[in-house]
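J.: Quick note: the sequence shown uses the UniProt record's numbering, first residue 1, plus one each step.
For each residue, glycine too, the CB sits at the ideal point set by N, CA and C.
Pasting in a structure now, in structure tokens, and then I'll have a few things to ask.
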Amino acid sequence: MLQDTMSCDLESRLKDLEAVLNSDQGNVPDDFFTFNQPPLPDIRVELFDLKDVYDKVQTKVPGISEQRIAKGWVNGVAWSAGQINSITVLVRRTPEAAARVNDTIGSVELKVTYKEYGAQSVNFSFNLDSAYKNSNGDPVYKLAKVETNTRNVWHLIITVQLIDGSQINFTSKEFRIRTKPKTLREPADTDVEKANKRKRFEPDQFLGGSAANPSPDSLYSGPDSSPDRLMVQTDKNILTDYLEAQRARINDLRVAKWTTEGADVAYHLNLTESSKRRPDLEEGDVIAFLTNRNTGQTEIEKLTHENSARAVLAGVISRSAYIYAHAPRHNSEKGSTETVCVIGVVKVKVVGTVQNGERIYVALHHPGVAIPETQIPLRPMADRRPVLLGQALESKSSYSQDKVQLVQCFVSIVLGIQSGQINNAIEDLQEKMQRKFEDVVVKDRSKWIRGLKWKISIFLVIVGLLSGLLYEFLAPGTWFQYQLCKRGCIKGHSATFKFTTHDIQYIKVYGLEFTWEKLKKNKNLDLEGCQPFDATAGYRYYLNLDRCAYGERIVLNHKPPIRGPTVFAINSNCSAVYFVNKDKWQPYTSAEHIQRVPPCV
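Below is the structure:
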């Protein structure tokens, strides 16, 4: 009964499914394919003090100078109905900015500090400056020099994770990072200004209006006006004894006296493509003037040992010029140039200790820095002579010869040009003198060499013969030593045997037969206290030829090793071998393969 019920229920379900599959889509119920998804956790995040713009300032750490973010601390709080396990903060360029600069840094994690834990909230903070470089050593906040408002834009990705593993990502508002602008000059002291003021004509005497109520023809414009909106009447003049302005655009300026805090004249010069991609030039960097191979125009980049051979000139990056000449005409060209000091007083990066009045040159072994005259190598590096940059105007000491510091110097491009011309003239003079000297020396040397060659040849032959003779006479194991050992032997009589040493080596001994009287006369063998065997027993005496030739020494590094007794005896039937030990004959227990010439009886 139960089986029939289950069969009917299964058939009913199959019919319903077939009806759904064969029907039009519009007939399917709306909730037929609906799945219940788990609700997202209720999490909120708020950042209290994330600013729209952050400034990068120059800071010094031991040995280097870095651009770091000033006042980069951000505080925040996260709320959740569940318990918060962790908070992760990542910083990265916005997708639009990353696409413009071809950013490869990606997201970089910032260090999060937890301040206060509540029942359902966590107060936290982090410092934007806690990430300076990524794991590959690339700067995280690398600023572009063109289109700064759209390229130097970042945002934060905040991930809040609960203890159950659920998490939600939050994206912060966008913020911009820039190089800190220079502080504007403070206005002149009121008392000094009053003392220096002279009687001036009122502007309305010439303009037909007043500054308070400007007319359409006046030069005055309100705070919202720009130079493009000014309506200038060329037949009007302004006569005043004091004028203070932040900016001015003047087509023709004539002055009788010019007072400025700047001390040099700088030119805008085009950067190489590599320098545009990595805008890392700073004040005081030593740069190289290079020729663009495609256009033939001059471009600049930081001077290194690699590009010094192609450098036409050398200069110094300036940030304190009172005239910036050859400036780009269009905003699109900004960021593609850098300002180089042509002449004047600027700060230069110098390595090591420098004295006031000392000349400074480019340092080929340190990229982008200069070197004092006292530290120039005596020999030029790879035939490259250092180029003169200028003269130091202050003294600075350093305990490390590799420490780089900014030194006030007088710099001039003309000095580098003159230095190059003088170096070329000196090299030409040296080359001419060297050629003349070599011509004189070669003539005399050729005669002397011809006479010396055969003398050296004879000397080498004599030295070779003497060396060979001395080697044969003095060295062990030579042909001469073997001949000495064979002297006095019974010709055609020899013997060999093999034995096993205490260190388990299988040694073969070869000996020449001598009479006992001749062996005893050999003082090197020390046989005075040893008595021979009975003459009627047929014993014969042999000298180990190898031991004798090597000075009776055991030579283990020889192949085969030189071992065995210096003197040994063999009985008449070649069944035993004897050696001398403390003036007594003792038999070899491991001797075997005993052979004698002539053969044993």
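To the nearest angstrom, how far is the alpha carbon of H502 from that of N524?
T.: So the two alpha carbons sit approximately 26 angstroms from each other.
J.: Would DSSP call V601 helix, strand or coil?
T.: coil
J.: Mind checking whether I105 and N75 have CB atoms under 7 angstroms apart?
T.: No.
J.: If we ignore side chains and look at the alpha-carbon of each, how far apart do I323 and G262 end up?
T.: 8 angstroms
J.: What is the DSSP secondary structure of K582, counted as helix, strand or coil?
T.: coil
J.: I need the boundaries of the beta strand (DSSP E) containing F533, first residue and last residue.
T.: Element bounds for F533: n/a, residue is neither H nor E.
J.: Hey, would you say A495 sits closer than 7 angstroms to Y542, going by beta carbons?
T.: yes
J.: Across which residues does DSSP place T295 in a beta bridge pair?
T.: None; T295 has no bridge partner.
J.: Find out if the Cβ-Cβ distance for the pair R385, E373 is shorter than 7 angstroms.
T.: no
J.: Kindly give me the distance between the Cβ atoms of K56 and R68, rounded to whole angstroms, as I take these residues to be in contact under 8 angstroms.
T.: 7 angstroms
J.: For I300, collect the residues of the same chain with a Cβ closer than 8 angstroms to its Cβ; drop the 5 residues on either side in sequence, then sort them by chain order.
T.: Cβ neighbours of I300 beyond the five flanking positions: L269, N270, L271, T272, S275, I287, A288, F289, L290, G315, E338, V340.
J.: On the DSSP bridge assignment, give the partners of F497 in chain order.
T.: V509
J.: Kindly list the residues whose CB is nearer than 6 angstroms to the CB of residue 677, restricted to its own chain and excluding five residues on each side of it in sequence; keep chain order.
T.: For the chain, the structure presents residues 1 to 601; residue 677 sits outside this window and is missing.
J.: When you compare only the Cα positions, how much space is there between K526 and F514?
T.: Contrary to the premise, residue 526 reads as Asp rather than Lys in this sequence. If I take the Cα positions, the gap works out to 15 angstroms.
J.: Under the three-state reduction of DSSP, which class applies to P328: helix, strand or coil?
T.: coil
J.: What are the boundary residues of the beta strand (DSSP E) that includes T159?
T.: 153-162
J.: Taking V91 and L156 to be in contact with their CB atoms under 8 angstroms, please state how far apart those CB atoms are, rounded to whole angstroms.
T.: 6 angstroms
J.: Just how far apart, CA to CA, sit G335 and R277?
T.: Taken atom to atom, the span from the alpha-carbon of G335 to that of R277 is near 10 angstroms.
J.: Is F499 closer than 7 angstroms to Y588 when the C-beta atoms are compared?
T.: F499 is positioned such that its CB atom lies closer than 7 angstroms to that of Y588.
J.: I need the DSSP call for E373, collapsed to helix, strand or coil.
T.: helix
J.: V601 and V580 - do their beta-carbons sit closer together than 7 angstroms?
T.: No; because the gap between Cβ atoms is not below 7 angstroms, this pair is not in contact.
J.: Residues in its own chain within less than 7 angstroms of Y456 by CB, not counting five upstream and five downstream?
T.: The amino acid at residue 456 is misidentified as Tyr; the sequence shows Ile. Cβ neighbours of I456 beyond the five flanking positions: none.
J.: Could you tell me if the beta carbon of S467 falls within a distance shorter than 6 angstroms of some heavy atom in the ligand ZN?
T.: The ligand content of the structure shown is nil, which means the ligand ZN is not present either.
J.: Can you list, in chain order, the residues of its chain with a C-beta nearer than 8 angstroms to that of residue 674? Leave out the 5 residues immediately preceding and following it.
T.: Nothing about residue 674 can be read from this structure; the chain reaches only from 1 to 601.
J.: Using only the alpha-carbon positions, how far apart do V153 and F175 sit?
T.: 6 angstroms
J.: Could you work out which residue in K302, P279, R435, V146 is closest to P328 when comparing CA atoms only?
T.: V146
J.: In terms of DSSP beta bridges, what is W258 paired with?
T.: Per DSSP, none; premise fails for W258.
J.: Helix, strand or coil, according to DSSP, for N75 in the structure here?
T.: strand
J.: Can you tell me which of the three DSSP states V387 falls into?
T.: coil
J.: To the nearest angstrom, how far is it from the Cα of H326 to the Cα of I417?
T.: 20 angstroms
J.: Is it right to say Q481 is buried, meaning 16 or more other beta carbons lie within 10 angstroms of its own, or is it exposed?
T.: buried
J.: Under the three-state reduction of DSSP, which class applies to D439: helix, strand or coil?
T.: helix
J.: When the Cα atoms are used, what is the spatial distance from S412 to D49?
T.: 48 angstroms
J.: Check whether the stretch 157-174 and the stretch 294-309 touch, using three or more Cβ-Cβ pairs below 8 angstroms as the test.
T.: No: the two stretches stay apart, fewer than three of their Cβ pairs being nearer than 8 angstroms.
J.: To the nearest angstrom, how far is the alpha carbon of N102 from that of N149?
T.: 16 angstroms
J.: Using CA coordinates, which residue listed in G165, E282, A256, L110 is at the minimum distance from V59?
T.: It should be pointed out that residue 59 corresponds to Thr in this sequence rather than to Val. Residue E282 is the option with its Cα nearest to T59.
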